[in-house]
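*Asks:* Residue numbering for the sequence shown is 5 to 187, as defined by our numbering.
We put the CB at the ideal spot given by N, CA and C, even for glycine.
This structure is a prediction, so every number in the text was calculated from the model and none was measured.
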Amino acid sequence: ALGHDVAAADPRYGQVGLAFVPRATAGIAEWAERVPDVSLLDRRTREAARLGRLLGGAPLRLARRAEAVLHRRVGAIFSTYDVVLAPTTATPPPRIGALAAMNGLQADRAMIAACPYAWPWNVLGWPGVNVPAGHTPGGLPVGAQLLGPAGSEPLLISLAAQVEADRRWHERWPAPVPDAAAS
């Protein structure tokens, strides 16, 4: 714990996802409108943009109005704790191409299930920093997140630096991946 007090606790996330989908897809729709040739967008991005156009009106306004409630409810944890430590992902990384055959909704569900602790902080607009936390039995990296309220970037960066120095990450480089083109 590097001299820090660590305790198990859960932020009260509630239904954060109800605010996430309209905000995320409306943002994709807004971005897609500026793309000169939408035929260059992949199928899932076009689907997300279409959903964003549908949710960009009243649902988006409702999601934005819910933000203050979300900040108070989730942020209540910071009346007791300075930082939340959470896994970066709930599952090991998927194999390359594992999401390729999925439609947009299926891929979104898979990504949200894999990263249940990361995206709520995106909805809240609060900072987080990812730090290496070990490896899977197969050698893939596993991460942990240090998450804080608005304005906590200096604290999060200093904690990440403390963990980095203690764990001596600079001495732990992964083995080079063989270049398939060179074979």
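(1) Have a look at E71 and S162 and give me their C-alpha separation to the nearest angstrom.
(2) In whole angstroms, what separates the C-alpha of L58 from that of A111?
(3) Output the boundary residues of the alpha helix (DSSP H) element that contains G31.
(4) Can the beta-carbon of N134 be found closer than 8 Å to that of G147?
(5) Per DSSP, V88 forms a beta bridge with which residues?
(6) Within its chain, find whatever has a CB closer than 8 Å to the CB of R76; leave out the 5 residues flanking it on each side and keep chain order.
(7) Within the continuous beta strand (DSSP E) that includes R138, where are the two ends?
(8) In whole angstroms, what is the alpha-carbon distance linking A12 and R68?
(9) Going by the CB atoms, is the gap between A154 and W130 shorter than 8 Å?
*Replies:* Well, looking at it:
(1) Whole-angstrom Cα-Cα distance: 28 Å.
(2) Going by the C-alpha atoms only, they are around 19 Å apart.
(3) Start and end: G21 to E37.
(4) Yes.
(5) L151
(6) Cβ neighbours of R76 beyond the five flanking positions: none.
(7) Arg is not the amino acid found at residue 138; the sequence shown has Gly there. G138 -> beta strand (DSSP E) spans G132 to H139.
(8) 30 Å
(9) In this structure, A154 lies closer than 8 Å to W130 by Cβ.
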